[in-house]
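Written out below as structure tokens is the structure these notes cover.
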Amino acid sequence: MIRFLDVVFSLVGLVIGFPVLAVLYVLGLFDTGAPLFRQERVGRAKQPFTLVKFRTMKVDTASVASHLASTSSITRFGHFLRRTKLDELPQLWNVLKGDMSLVGPRPCLFNQEELIRERDNRGVFNARPGVTGLAQVNNIDMSTPKLLAETDQKMLAKLSLKHYFQYIIMTATGKGAGDRVKG
64 MIRFLDVVFS LVGLVIGFPV LAVLYVLGLF DTGAPLFRQE RVGRAKQPFT LVKFRTMKVD
124 TASVASHLAS TSSITRFGHF LRRTKLDELP QLWNVLKGDM SLVGPRPCLF NQEELIRERD
184 NRGVFNARPG VTGLAQVNNI DMSTPKLLAE TDQKMLAKLS LKHYFQYIIM TATGKGAGDR
244 VKG
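Position 8 of the sequence shown, counting from 1, maps to 71 under the numbering used here, and the rest follow consecutively.
Pasting the structure below:
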């Protein structure tokens, strides 16, 4: 049922949100010259997939987890995108393709070995990664790998349709600060 909802909501979101996506893309061209950010991430069963987001950092920023990046790397437009969570909209494409779900553990980078180990030990990679979830709405990010993996495991063990909608609504209404970036 959740996969069906993922497909319906991502398709509807991409179609209805197309004008917003187009405007953000054009504004991103003026901001960085390369508005889309693509990065290989760890997916279900630890398989790689290419995550797509709107770029919020300068093009030459090192490919590291957000909590390891400097705030000086974030562009002015990028701050707006992160604050409003609009940088996440292109991930609807990942959801539609089946790489991700709307709700699940946030996909990590392959170089985040501690987080991968913690998630692997807890069976978190049995699920599709998600755009949002329990950790995100509670301001738990990848800077605390053990806590994040424990929270992901807890979410997946209790995930129901009620929780699915709850996490989406909480994210859409501004609950959670998103990925932290060091100062």
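Glycine included, every Cβ here is placed at the ideal spot set by N, Cα and C.
In the DSSP assignment, what residue or residues form a beta bridge with residue i?
i    : result
V105 : P111
M120 : I137
V166 : T195
L84  : In the DSSP output, where bridge partners are listed per residue, L84 has none listed.
L210 : Answer is none; L210 lacks a bridge partner.
S99  : Correcting the residue type first, residue 99 is Leu in the shown sequence and not Ser. DSSP lists F117 as partners of L99.
Give the single residue among the options whose Cα lies nearest to the Cα of residue i.
i    : options                   : result
M205 : I137, L99, K221 and F173  : F173
T234 : V86, A108 and E151        : E151
K238 : L222, C171, K221 and R146 : R146
T119 : L99, L210 and K109        : L99
P111 : K121, G96 and G161        : G161
Q102 : D215, L222, T124 and L144 : T124
V104 : T214, L178 and L210       : Checking the displayed sequence, the identity of residue 104 turns out to be Arg instead of Val. Measuring from the Cα of R104, the nearest candidate turns out to be L178.
S73  : A108, P153, A97 and L210  : P153
Excluding the 5 residues preceding and the 5 following residue i in the sequence, name in chain order all residues of the same chain whose CB lies nearer than 6 Å to its CB.
i    : result
L77  : L155
I137 : T119 and M120
V71  : none
To which residues of the same chain is residue i closer than 7 Å at the C-beta, ignoring the five residues directly before and after it?
i    : result
Y230 : V166, T195, G196, L197 and V200
Within a Cβ cutoff of 8 Å, which residues of the same chain sit near residue i, ignoring the five residues on either side of it in sequence?
i    : result
Y227 : I65, L68, L165 and V166
L50  : The first residue shown for the chain is 64 and the last is 246, placing residue 50 beyond what the model contains.
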